[in-house]
Amino acid sequence: MREGSFGGTYWRPFYSRVKKEQVEPGLGAFPAEWFDPPIDTETYLTSTTYRPEINRYGVKASQSIEDWEKAGWIRANAPRGWMEVRLRSPFEALESLLTH
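The opening position of the sequence shown corresponds to residue 140 in this note's numbering, with each subsequent residue numbered one higher.
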C-alpha cells in the first residue's frame, strides 16, 4: 500500500459497471497496523489521478479498473479485481474465487 498501488488510484471511489453502483474505498476493513505509521491515503491509495512516480518502479504498470471491466476480468463480488481478493482473509478470498 505504501508503494502507490496502481499509481495511487486502486482504492479510489468509482462507479462499477459490473455492480451498477458506486464503489467506495472501504479502507476501514483492513487492520489498523497497515496504516501505522500513518500513510497519505489521498496520494497513495484513493487518488483520482494516476501518478507513475509513486509506484515502486516509477512507471505506469497497470490498466484502469474501467479497462478491466471492459475486458470482463471483474466480478461483482470483487469489483476492484484480483488484489482486492488477495487482501481478504484466506476464506473470503477462496469463496470469492469460487462464486461467480
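Positions of the beta carbon are idealized from the N, C-alpha and C atoms, including for glycine.
Reference residue i, options the options, closest by Cα
{"i": "residue 204", "options": "141, 140, 150 and 142", "result": "150"}
{"i": "residue 209", "options": "152, 143 and 156", "result": "156"}
{"i": "residue 180", "options": "220, 221, 143 and 224", "result": "143"}
{"i": "residue 207", "options": "198, 218, 199 and 197", "result": "218"}
{"i": "residue 165", "options": "196, 152 and 172", "result": "152"}
{"i": "residue 189", "options": "196, 163 and 201", "result": "201"}
Neighbour-count burial assignment, residue i, 16 or more Cβ in a 10 Å radius
{"i": "residue 168", "result": "exposed"}
{"i": "residue 148", "result": "buried"}
Coil, strand or helix - residue i by DSSP
{"i": "residue 189", "result": "coil"}
{"i": "residue 217", "result": "strand"}
Contact with chain E by residue i, beta-carbon distance below 8 Å
{"i": "residue 172", "result": "This model lacks chain E altogether; it includes just one protein chain."}
Within the region 153 to 199, ranges of the beta strand (DSSP E) (whole runs, at least 3 residues): 153 to 155 and 160 to 162
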